[in-house]
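In the working numbering, the protein residues as written are 1 to 294.
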C-alpha cells in the first residue's frame, strides 16, 4: 500500500509521473484497521491531517512487519542507515530520520498560450497536470535552484549539490559542436592548479568512475487533486549512505569571447557517503523553499 502511494508506475516516478490514487479499497476483514485508515486518507483534503494519517499507517505497518518477522529496529536515533529504510517520518531540518515526509498544497499558475501550444504539439490535453509535472521537473534542476536563491544562471554550480536528486547528472560537450580542434583547459583540482590540458570532450556537472546510476533520494509526488489548478503534494525521501564512494564535480568557465577554445575547469572531489547527511538536508530545505512550504 505504501509503495503504491509513494511510488508509481513507469519511469521518472520520483518527479510525479506514474502517480496513483485510490478509487476503492477492499481488504481482508482481519485488516480492518488498515481499511479504515486508508478510507480516511481518501476522504481527507487537509495536508497536516494527511501527514498524521500517513504517519499512523507507516507506524502500523512497521509494527506489524517487525512482529511478523520477529525483528527489532536496528537503526538508532540520529543514525543514517547503509540502505534506504522505512521509518516513522521526519521533516528536516528540525527532525531528520531515515524516511522523511512533508505534505503540502500547491497551486499551479495559469497555463500560458505558448505552454498550451507546446503541450498540444506533444499530444497532451490536460494542460494543468502537464504544467504541474513541468514545475516538479524544474524544481530538481540546478539552474532552478540558483534562480530560487537569487543567483545568476551562470553562477558556479558546485555549492548547489543536486547529486542528491539522482545520478547521472552531467553532460559532455563535443569539440565538433563548437567547431574547434580541441578544448584548451586550465585544469584546477580541489583548488590546486594542475596545468594546461587539451581535451577532446568537455565534461560538466557530476561524473563518477563507475558510471553507476543512482535514484534520487527525494521524490515529489502528487497525492490528490483538489481542483483544476490545486494539488496535494508529498515531498518524501530516504536518507541513506548507499552512494558512490567518490564523485567528481566539473565546473566550467567558458572563454570571454565566443569562438575561443580556452576554458577553465575546476574539478572537485566529493565523498557522497560522508556528505549525504548535510547535502540531503540542504536539498530538502531548498525544495520546501521553492514550493513555498514553511
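Every residue, glycine too, gets a C-beta built ideally from N, C-alpha and C.
CA nearest to the CA of residue i, picked from the options
i: residue 181; options: 281, 188, 173; result: 173
i: residue 219; options: 288, 109, 110, 35; result: 288
i: residue 161; options: 251, 23, 53; result: 251
i: residue 228; options: 127, 196, 147; result: 127
i: residue 163; options: 270, 48, 65; result: 270
i: residue 216; options: 249, 207, 166; result: 166
i: residue 66; options: 198, 87, 267, 176; result: 87
i: residue 39; options: 29, 52, 24, 28; result: 24
i: residue 158; options: 207, 51, 49; result: 207
i: residue 222; options: 154, 199, 195, 102; result: 102
i: residue 142; options: 12, 292, 249, 198; result: 249
i: residue 54; options: 190, 89, 133; result: 89
Residue interval of the alpha helix (DSSP H) (run including residue i)
i: residue 281; result: 272-290
i: residue 27; result: No alpha helix (DSSP H) contains residue 27, which DSSP labels as neither H nor E.
i: residue 131; result: 127-138
i: residue 186; result: Note, residue 186: premise wrong, no alpha helix (DSSP H); beta strand (DSSP E) at 183-189.
i: residue 65; result: 47-69
i: residue 330; result: Residue 330 lies beyond the residue range present for the chain, which begins at 1 and ends at 294; the question has no answer from this structure.
i: residue 114; result: 113-121
i: residue 372; result: Missing from the structure shown is residue 372; the chain here goes from 1 to 294 and no further.
C-beta contact flag for residue i and residue j at 8 Å
i: residue 304; j: residue 234; result: Outside the displayed range of the chain (1 to 294) lies residue 304, so it cannot be described from this structure.
i: residue 140; j: residue 171; result: no
i: residue 136; j: residue 214; result: no
i: residue 93; j: residue 281; result: yes
i: residue 63; j: residue 232; result: no
i: residue 224; j: residue 45; result: yes
i: residue 267; j: residue 202; result: no
i: residue 175; j: residue 212; result: no
i: residue 57; j: residue 2; result: yes
i: residue 12; j: residue 148; result: no
Boundaries (first-last residue) of the beta strand (DSSP E) holding residue i
i: residue 144; result: Where residue 144 is concerned, there is no enclosing beta strand (DSSP E), although the alpha helix (DSSP H) it sits in stretches over 142-148.
i: residue 106; result: 99-107
i: residue 225; result: 218-227
Cβ neighbours of residue i in the same chain (closer than 6 Å, five flanking residues each side left out)
i: residue 131; result: 108, 111
i: residue 262; result: 184, 255
i: residue 8; result: 18, 19
i: residue 230; result: 107
i: residue 84; result: 238, 240
i: residue 27; result: 34, 35
Other residues of its chain near residue i: CB distance less than 7 Å, five sequence neighbours each side excluded
i: residue 273; result: 241, 243, 245
i: residue 209; result: 246
i: residue 145; result: 160, 162, 286
i: residue 22; result: 38, 42
i: residue 169; result: 162, 163, 205, 206
i: residue 4; result: 20
8 Å Cβ shell around residue i - same chain, five flanking residues per side excluded
i: residue 80; result: 98, 239, 240, 241, 276, 277
i: residue 33; result: 60
i: residue 196; result: 184, 185, 186, 187
i: residue 198; result: 182, 183, 184, 185
Strand pairing of residue i, partner residues [DSSP]
i: residue 12; result: Residue 12 is not bridged to any residue.
i: residue 246; result: Note: residue 246 sits in no beta bridge, so no partner.
i: residue 172; result: 203
i: residue 253; result: 264
i: residue 238; result: 99
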